[in-house]
Every structure is written in C-alpha cells, then in structure tokens.
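Structure record follows, encoded as structure tokens.
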Amino acid sequence: MTTATADSSNADIKSVLAAEFARFLPPDSIIADEETQKPYECDGLSMYCEMPLLVVLPETVAQVQQVLRLCHQRGVPVVARGAGTGLCAGAMPHSDGVLLSLAKFNRILDIDPLARTARLQPGVRNLAISEAAWPHGLYYGPDPSSQIACSIGGNVAENSGGVHCLKYGLTVHNLLQVEMITVEGERLVIGSAGLDSGGPDLLALITGSEGLLGVITEVTVKLLPMPEKAQVVMAAFDSVQTAGEAVSAVISRGIIPAGLEMMDEHAIVAAEAFVHAGYPTDAEALLLCEVDGTREEVEEHIQQVAGLFESMGASIRVSRDDAERALLWKGRKSAFPAVGRISPDYYCMDGTIPRGKLAHVLMAMQDMSAHYGLRVANVFHAGDGNLHPLILFDANMPGEFERAEAFGGKILELCVAVGGCITGEHGVGVEKIRQMAIQFGDAEIAQFHAIKAAFDPVGTLNPGKGIPVLKNCQEYRALKPDGMQPLSHVHGSTL
Amino acid sequence: MTDATQALIEQITSARAEQRQLRIVGGNSKAFIGRATTEGEPLEVGRHSGIVSYQPVELVLTARAGTPLAEIEAALAEQGQMLAFEPPHFGGGATIGGTLACNQSGPARPWSGSVRDMVLGLRLINGRGEHLRFGGQVIKNVAGYDVSRLQAGALGTLGVITEVSLKVMPTPAVTLTLVQEMPADQAIAQMNRYSGLPKPLNGAFWHDGKLYLRLAGAESAVNGTAQQWGGERLNDADTLWQQLNNHQLDFFNADRPLWRFSVNSTAPHWQSEQNWLLDWGGSQRWLSGEGDPAVLAEQANAAGGQVSLFRGGDRQGEVSPALAPPLQKLHQRLKDAMDPDGIFNKGRLYGWM
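Listed in order, the protein sequences are those of chains A and B. Residue numbering for the first sequence follows the working numbering, beginning at 115 and increasing consecutively. Residue numbering for the second sequence follows the working numbering, beginning at 53 and increasing consecutively.
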C-alpha cells in the first residue's frame with residue numbers, strides 16, 4: 115500500500131467515525147482538527163509523540179461503552195488517557211486510532227468517612243482525593259510527585275507509587291474496586307467493598323496494566339487515618355556507601371519510615387540552588403528520613419534514627435515543626451524542576467534495585483556518564499529501592515537525546531543485572547518496551563500476550579505499548595545494542 | 053530443602069501430553085477449601101521446599117512454594133521479623149505456596165495487608181509446562197502484568213506456584229489486647245471508628261458479646277492508646293489470636309457449614325447475634341450454620357460484598373461467589389490463556405472451570 119492510499123483511507127475512516135460518534139456524543143466531545151488535537155499528542159514524556167485520528171471526550175459511562183463498541187466493530191485502536199502526566203508514553207496516541215480522554219469524569223462520587231473509602235470517577239486528581247478526605251481526618255496513601263495533576267484512573271493504569279510506598283504501598287495496595295469497560299464495550303465490576311474477594315485477583319492484574327486490558331470508569335480506594343505526628347531527620351553523609359548503610363541500619367532497628375529518600379551530590383546542589391532548604395552542598399549524599407505515627411511513637415523513633423545517623427558520622431538536622439519539615443521536603447520534591455534549571459533537558463529513569471546494590475550501581479553509572487558524555491543526577495526512594503537517575507542533555511544538540519536514551523537503556527539493564535527491574539512506578543509504555551526483553555524471557559512475554567488476548571483478542575487497546583512483540587525481543591537481545599536505533603516517533607530523530 | 057522443579061515440570065508435561073488431570077497438593081492443610089474434587093493425580097509441591105534467599109535489611113524473603121510457613125516464620129523470628137499478614141496454619145503443615153493460592157491472611161490483614169499485598173514476585177509452571185518468572189525481589193516493580201498477585205485466590209487453577217518472593221516486616225515491639233463487652237452493632241461502629249484513628253490498631257474481632265482489640269507497635273504508642281481507649285487487658289492474648297486465626301475457637305469447631313462474608317466493614321449486623329463471629333474490623337464475618345446460599349448471597353450483596361462456603365456443607369455445588377456473565381467469560385479466557393488444556397485443579401474453584 116502506498117502512503118497516499120493509506121492517507122486517504124485514514125481520512126475516510128476518520129470522517130466515518132466522526133459521523134458515527136456525533137450520533138451519541140455532544141459536538142464539543144469530538145476533536146478532529148489538528149490544532150485542538152495538539153495537546154493530546156504526548157503524555158509527560160514529551161519526546162514521544164503522535165497525532166491520533168480523533169480525540170473523544172465522553173461524559174457518561176454509556177458513551178464510553180458506545181465508543182469502545184464502535185471502535186471494536188471497526189478494528190480501530192483505542193488509547194485511553196487520564197491527565198496525561200505519565201512518564202512512559204503509555205498515553206501516546208495511535209496514528210490510526212481514537213484517543214479516549216477521561217478528563218470529563220472528574221467527580222468524587224462518595225466519601226464514606228466511617229468505612230474509610232472514596233468512590234471516584236477516573237479523572238479525579240490524586241491530591242483532590244486527600245483534600246476531600248482531610249476534613250474527616252483521612253487521606254489517600256499513594257502520592258506520586260505529579261499528584262497535583264495526575265488522575266486516579268491513570269494511577270490505576272500505571273500502579274503509581276510515591277515517596278511513602280515502603281510503609282503505605284502502591285496503588286494496588288490501596289484499591290477496593292474498579293469498574294472497567296472491556297474492549298467489546300461490556301461493563302465489569304472487579305473487587306467489592308470487602309477485602310479479598312474470591313477467585314483469581316483480577317483487581318491486581320488490572321492495576322498497572324497500562325490501558326491494555328480495559329478502560330477504567332470508576333475507582334473505589336481505601337483512605338488512611340492522618341498520622342498524629344510526622345517528623346523528618348535530614349542527614350548529610352560524606353559517602354554514598356555510608357548513606358546506604360545508614361538506610362539498612364534504620365530497617366535493622368525494626369523501624370519502617372514513612373518516607374526515606376536519598377539524593378546524590380548533583381541533586382543536592384541543584385535542589386539547594388532552587389529552593390534554599392539549607393541542604394549542605396558539600397555532602398556526597400543526603401538522606402531525608404520521615405517517621406509518622408502517634409506522638410509517642412514518633413518521638414521514640416526520631417530519637418533512635420537521629421542517634422543512629424550521628425553515630426555513622428552524619429551531620430543531622432531534625433525538623434522542629436511542620437513548616438521546617440515542609441521546607442526540608444521541598445528540596446526533594448522540587449528535585450526534577452531544580453535539575454531542569456541546570457540543564458536544557460533531562461531524562462528521568464525509573465529502575466529499581468536491591469538497596470544493598472546502591473553504591474555499586476551509582477559507581478557504574480558514573481562510568482557510563484563518562485562514556486556517554488552526559489551528566490547524571492540521582493534521587494532515590496531509598497526505602498523501597500526505586501532509583502530515579504536524571505540524565506542531563508540538550509535536545510537541540512544533534513544526537514544528544516539519542517545518547518541520553520541509550521544511557522537510560524543501559525541503566526535499566528544494569529538494574530536488572532543486580533536483581534532489580536526496569537520500572538518501579540512509571541510503567542513500560544513505549545519508552546521501556548525494548549528493555550522488557552532484558553527483564554523477561556520469551557516464554558514470559560508469550561504468556562503476557564496470551565493474557566492480553568484473553569481481554570482483547572484483536573489487540574486494539576493501546577497497541578504497541580507495554581508488552582513487546584516477540585520478534586523484537588529476540589532482535590534486541592541479539593543486537594545488545596547501544597540503543598542508538600532511531601525511533602520514527604521521536605522528535606529530532608533521523609527518520 | 054529440595055529443588056523438585058524438574059520432576060514437577062516432567063509430571064505436568066506428561067499429564068498434558070496424555071490429557072490427564074492434576075490435583076495440586078502442598079501441605080494438604082487446606083484441602084477443605086474450594087469444591088470437593090477427586091479428579092486428577094496428585095501433584096506434590098510439598099517436596100519442592102526450602103528458603104532460597106533471605107535478606108533481612110532488604111525486607112525480602114524468597115522461598116520455594118512447598119516451604120512450610122513454620123520454617124519461614126522461624127527464620128524470620130531469628131531476625132526480629134515476621135509475615136505481617138499472619139497466615140493461618142490450619143492444623144499445621146501449611147506452605148507458602150498454598151497460602152498464596154488460597155489467599156489466606158490472618159487477623160492483622162486490614163491494617164498490615166494480605167499475602168497478596170506482600171507478594172513481590174513468583175515463579176510458576178503454566179499449563180504448557182513452562183517455568184516462568186514474574187515480578188521480582190524488590191518492593192516496587194511494575195513491568196508487565198501482575199501475574200504474581202493474580203494467583204492469589206486462584207486455587208492453583210492458573211498454574212503451579214513454585215517459588216514466592218515476599219516483603220517481610222519487623223515484628224512489633226509490643227502487643228496488647230483490650231476486651232470490652234458490647235453487642236454486635238455497637239462493636240461494628242466501634243471497630244470502624246477506631247480504624248479511622250491514627251492509633252496502632254492491628255486486630256479487631258467481636259464474638260459472643262465481647263469486642264477484642266489488639267494494639268501492636270512501639271511501646272509508648274501501644275500503652276498510650278490502651279490508656280485512652282480503656283477496657284480490660286487480656287492475659288495470654290497471643291493464644292486467643294492464634295486460635296482465632298487457625299479456626300480453633302469453639303465457634304469454628306461445631307460440625308456445621310462455615311460461611312465467610314467479605315463485606316463493607318460498616319454494614320449493619322443482620323440476623324441474630326448467635327452463630328456469628330466478626331473479624332477484620334467488621335469486613336470479614338463468619339456465620340456458622342445451615343443457610344440458603346441464594347439468601348446468603350443476597351445478604352452479602354446488600355452488605356457490599358460476597359459470601360463463600362468456606363468449610364463443610366454441600367461442596368459438590370458452587371462454593372465461591374457467582375460471577376456476572378461477562379466476568380465469567382473473562383475468567384474462562386484467562387484460564388485458557390494460562391492452562392489451555394485445563395489440566396490443573398479442574399472444578400476446584402468453579403464447577404464450570
């Protein structure tokens with residue numbers, strides 16, 4: 115088929131679909147022109163983008179069902195989109211498909227303070243859940259750094275985490291029930307108001323499935339009581355190794371911190387310049403250890419943690435009030451934009467490693483940094499082993515993004531080699547689909563495809579994401595590439 | 053401590069080739085769960101046993117599926133750690149693989165999470181005889197579908213679990229149990245109210261006119277909360293919680309059907325107070341006695357949840373909650389995706405699967 119024919123058949127199906135959608139969707143719920151579609155071309159990983167055939171913004175579950183049914187009948191790909199803050203191009207549109215935005219599903223349907231649950235439409239923002247729960251002394255646990263903007267439907271799709279995962283879990287640990295529409299347009303309710311429903315745990319299977327198995331239209335989450343008190347210890351170490359040992363020492367004491375974050379020297383310097391939190395810029399590694407619970411418990415544990423860090427040679431600072439606690443956290447929470455100020459662009463990776471391998475991984479990363487000629491700053495969810503290397507580059511310099519991407523791929527391979535995995539909370543999407551071949555063998559990949567087919571036999575839900583084609587896996591492993599193959603949908607690439 | 057992987061794969065491969073059914077057996081402590089089936093030759097996973105790795109500072113333990121819980125808990129106790137989901141042993145011999153396949157967690161479940169919550173990864177042999185690895189040995193891992201947690205509650209129908217990696221937790225410094233006398237309705241309100249407070253609550257059940265509350269955590273926090281809440285402090289409380297967990301209280305002993313209701317923790321109590329035990333802060337409710345499954349299912353539905361026939365009664369019929377037609381279709385397709393020839397545990401979970 116020539117390109118011209120493909121374009122004209124695309125135009126045909128586009129107008130046919132738009133006309134059919136117009137029969138049950140309000141006119142402003144269908145976006146067909148390029149200019150208005152533009153904001154939908156990518157998610158939070160803007161290096162990967164694509165224009166969809168059509169964007170639709172249904173307002174009711176029945177409309178979502180109709181959209182899916184119609185697309186299923188015509189074999190048209192559907193990509194669901196929440197707030198578009200994802201970091202793996204999981205919501206990147208399909209050029210021959212419909213982008214299904216859940217943005218209009220933004221209502222909190224019910225907060226039950228006694229049962230400690232919230233029933234939500236998928237477009238409700240993560241932080242809005244906690245804001246609605248606070249008056250009842252409750253909050254929603256998972257707090258990804260995009261929590262001001264990201265939506266709960268997207269959180270379910272990606273199994274989002276945050277800085278409190280070690281103690282309070284990921285999205286999958288905080289869900290009770292979801293309503294999901296299948297590719298055929300059928301409505302399923304998975305889970306219940308009770309705990310541990312019978313049969314295989316479909317709720318867990320759906321969580322983190324990146325929009326490949328169905329479209330989430332309602333979510334019921336658990337809410338947690340607000341702790342009586344939270345306090346943070348900041349500890350500056352003169353070596354990454356010692357900081358890593360300090361993390362292990364806290365865990366060995368039987369203390370599970372609410373948050374335990376580490377930053378390396380580059381991240382410390384960038385964050386301090388950005389927010390002036392009082393971080394010691396001469397430190398090699400900085401730990402922020404937050405303890406929460408009852409007043410008595412926090413006082414007991416903070417003393418232990420502070421004493422432990424000091425005995426390991428750290429200089430420490432303990433927050434005296436909530437304002438100081440917020441200030442100490444502000445640097446960490448602003449680490450990404452802070453790094454953004456010292457470099458035109460940065461590329462955020464998301465590998466996980468056993469904590470004990472941290473020093474080894476950071477050292478190997480310094481070697482890679484020299485090899486690729488690109489700087490890297492590290493922020494690390496030290497409590498749960500989730501590493502976020504920020505690779506600094508300049509997209510305007512020819513070849514720099516490709517080098518950053520190759521560097522990132524190598525980091526993920528290193529994570530797998532030391533017993534970790536290629537993504538802790540951002541998901542696979544388009545971005546890490548090649549590295550799936552490193553973490554999994556062909557038999558596992560084939561099993562994933564069989565599961566996908568059980569939900570979506572034709573494969574029109576978010577195609578090309580999450581699970582790689584087997585042939586590509588074999589090629590990737592055989593090549594052991596430097597990741598330098600250009601991608602057709604990457605801005606500034608050679609294709 | 054033996055690795056029986058090869059023998060398991062061979063038995064599965066030949067069963068598949070000869071179209072024979074297999075019945076998965078671990079410690080045989082939960083044979084009463086699911087439907088009564090006699091079909092299939094036993095596939096003994098109990099011989100595939102032993103702790104593969106345990107790194108206390110990483111809070112991660114990996115064990116072969118046939119490893120007895122007792123062995124795992126002893127290794128953890130040496131390091132001041134535990135399985136926070138408090139799996140029941142049901143008379144001894146329970147294994148980690150069976151615990152996950154049956155999704156069994158104890159009294160701490162609403163506060164400390166379930167076995168499914170603590171699973172980080174696993175290995176399993178699917179119906180094609182392929183030995184697969186999913187998830188990992190790190191706390192966070194979102195690559196690929198969560199096939200590991202999918203196994204929780206599948207009763208072995210999707211594959212044979214061979215190895216499980218779990219998040220483990222420190223043992224609380226202090227535990228303390230308070231007892232207060234009150235009727236069921238009041239206990240439900242109290243359990244829910246207390247669960248919404250930032251206190252170290254870690255167990256809450258009601259039976260026979262008494263509410264039992266367990267506090268666990270730092271000494272100062274536990275004692276402070278006990279003083280605020282009041283009630284009689286119970287001696288030798290650990291025994292009581294173990295008896296509750298392993299169904300050794302007199303309530304469970306009667307030779308009557310035992311129904312498990314998994315419902316909204318705030319649902320008002322229905323029926324008389326007799327024959328009921330309310331656990332998990334009100335979200336898991338046990339009914340001991342005869343009942344019409346259809347009527348009980350309606351009651352469970354009204355309470356926001358489901359009911360299953362946990363032990364005894366008619367085990368030839370369905371014992372798990374009925375599924376809506378689209379969901380049933382999906383379960384069947386999922387079964388076909390993992391066990392295409394249907395050789396594992398036929399009819400154990402549902403009569404139609």
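Just so you know, even glycine gets a beta-carbon here, dropped at the ideal spot from N, CA and C. Treat the numbers as computed from the prediction; the structure is a model and nothing was measured.
What residue range is occupied by the uninterrupted alpha helix (DSSP H) comprising residue i?
i        : result
A/Leu488 : From DSSP, A/Leu488 is part of no alpha helix (DSSP H); its letter is neither H nor E.
A/Trp443 : Asp436 to Lys447
B/Trp293 : Ala289 to Asn297
A/Cys163 : Element bounds for A/Cys163: n/a, residue is neither H nor E.
A/Lys281 : Cys279 to Tyr282
A/Phe138 : Premise fails: A/Phe138 is in no alpha helix (DSSP H) and is neither H nor E.
A/Arg550 : The question names Arg, but residue 550 of chain A is Met in the sequence shown. That run of the alpha helix (DSSP H) goes Met550 to Gln553.
B/Glu350 : Pro345 to Ala354
Applying the criterion that 16 or more other CB atoms from any shown protein chain within 10 Å of the CB defines a buried residue, is residue i buried or exposed?
i        : result
A/Leu223 : exposed
A/Trp248 : exposed
A/Arg221 : exposed
B/Trp404 : exposed
A/Ile262 : exposed
A/Met479 : buried
A/Thr117 : Residue confidence for A/Thr117 is low, a pLDDT of 48 falling below 50, so the modelled location carries little weight; the figure read from the coordinates is stated next. Burial call: exposed.
A/Glu411 : buried
A/Ala449 : buried
A/Gly597 : The predicted model places A/Gly597 with a pLDDT of 40, which falls under 50 and marks its position as unreliable, so this point remains unresolved.
A/Pro595 : Its pLDDT being 49, under 50, A/Pro595 is placed unreliably in this model, and the value from its coordinates should be taken loosely. With fewer than 16 Cβ atoms within 10 Å of its Cβ, A/Pro595 is classed as exposed.
A/Asn124 : exposed
B/Gln203 : buried
Should residue i be flagged as near chain A, meaning a C-beta pair shorter than 8 angstroms?
i        : result
B/Ser340 : no
B/Ser272 : yes
B/Thr318 : yes
B/Leu218 : no
B/Ala225 : yes
B/Phe186 : yes
B/Asp391 : no
B/Gln71  : no
B/Lys192 : yes
B/Met243 : no
B/Glu350 : no
B/Lys251 : yes
B/Asn155 : yes
Would you say residue i lies against chain B (beta-carbon separation less than 8 angstroms)?
i        : result
A/Leu584 : no
A/Gln345 : no
A/Pro258 : no
A/Ser366 : yes
A/Asp436 : no
A/Val542 : yes
A/Gly597 : The pLDDT assigned to A/Gly597 is 40, lower than 50, so where the model puts this residue is not dependable; a value taken from the coordinates is nonetheless given after this. Not closer than 8 angstroms to any Cβ of chain B, the Cβ of A/Gly597 fails to qualify, so no.
A/Gly578 : no
A/Leu610 : Residue coverage of chain A in this structure runs from 115 to 609, which leaves residue 610 of chain A outside it and unanswerable.
A/Phe569 : yes
Output the boundary residues of the beta strand (DSSP E) element that contains residue i.
i        : result
A/Lys343 : Lys343 to Phe351
B/Arg72  : It is not in any beta strand (DSSP E) - B/Arg72 carries neither H nor E in the DSSP assignment.
A/Asn500 : Asn500 to Phe507
B/Arg168 : Looking at the DSSP string, B/Arg168 is not in any beta strand (DSSP E); the run it does join, the alpha helix (DSSP H), is Val167 to Met170.
A/Val572 : Per DSSP, A/Val572 belongs to no beta strand (DSSP E) and is neither H nor E.
B/Ala268 : Lys262 to Gly269
A/Gly305 : Arg301 to Gly305
B/His183 : His183 to Gly187
A/Asn510 : Segment: none, A/Asn510 is in no beta strand (DSSP E) and carries neither H nor E.
B/Phe362 : Gln358 to Arg363
A/Thr635 : Residue 635 of chain A is absent from the model: chain A starts at 115 and stops at 609.
Assuming the contact rule is C-beta atoms closer than 8 angstroms, residue i and residue j should be a hit. Round their C-beta distance to whole Å, please.
i        : j        : result
A/Ala385 : A/Tyr393 : 6 angstroms
A/Val532 : A/Val475 : 6 angstroms
B/Val194 : A/Gly322 : 5 angstroms
B/Lys192 : A/Gly275 : 6 angstroms
Contact the region 286-295 of chain A vs the region 202-221 of chain A: 3+ CB pairs below 8 angstroms: no
Cβ pair count under 8 angstroms reaching 3, the region 87-95 of chain B against the region 387-401 of chain B: yes
Meets three-Cβ-pair contact criterion under 8 angstroms: the region 241-250 of chain B and the region 328-347 of chain B: yes
Contact the region 166-181 of chain A vs the region 141-148 of chain A: 3+ CB pairs below 8 angstroms: yes
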